[in-house]
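K.L.:
The opening residue of the sequence shown carries number 9 in our numbering; numbering runs sequentially from there. Backbone N, C-alpha and C define an ideal beta-carbon position, used for all residues, glycine too. One structure is given below, represented as C-alpha cells, and several questions about it will come after.
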Amino acid sequence: MSQDEETLLEFPCDFPIKVMGKAEPGFEAMIVELVSRHTEALLETSVNSRLSKGGKWVSVTITLRAESKAQLDAIYLDLSAHEKVVMAL
C-alpha cells in the first residue's frame, strides 16, 4: 500500500490543527513558529485562539494547506514533543 493510500485525505487540502496548552504569554506564537517550520507562511486569518472558561488553558487552531501525510505527521511529532503542548488534534 502506498503512502497516499494510507489516508482518507486528498492532498493538497486545507487542514485544521488544534493545539492545547496552559494560557501563558507566547504560547500562540510558539505554536505558529513550530507549524511554520513545515509549511509556507501562514496567514493571520488562519490562526485562531480561544481561552478556556476559567482562563487557565488556551486552544490554538491553525488551518494550513497540507501537501502530504508526511508533512502532517512531522507537524504532529514536533507539537507532541514540545513540553508546553498538552494535546494536539
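1) DSSP beta-bridge partners for Asp22?
2) In the DSSP assignment, find the alpha helix (DSSP H) that holds Ser44 and state where it starts and stops.
3) Taking the alpha carbon of Ala82 as the point to measure from, which residue in Lys61, Leu42, Ala49 and Leu50 has its own alpha carbon closest?
4) In three-state terms, what does DSSP make of Ala31?
5) What is the DSSP secondary structure of Ala49, reduced to helix, strand or coil?
6) Out of Lys92, Glu91 and Leu80, which has the shortest C-alpha to C-alpha gap to Ser44?
7) Return helix, strand or coil for Leu59, following the three-state DSSP convention.
8) In chain order, what residues of the same chain lie with their CB nearer than 7 angstroms to the CB of Leu97, ignoring the 5 residues before and after it?
P.N.:
According to the structure shown:
1) Arg73
2) Phe35 to Ser44
3) Leu42
4) DSSP, reduced to helix, strand and coil, places Ala31 outside both helices and strands of the structure shown, so it counts as coil.
5) coil
6) Leu80
7) It is a strand residue.
8) Lys26
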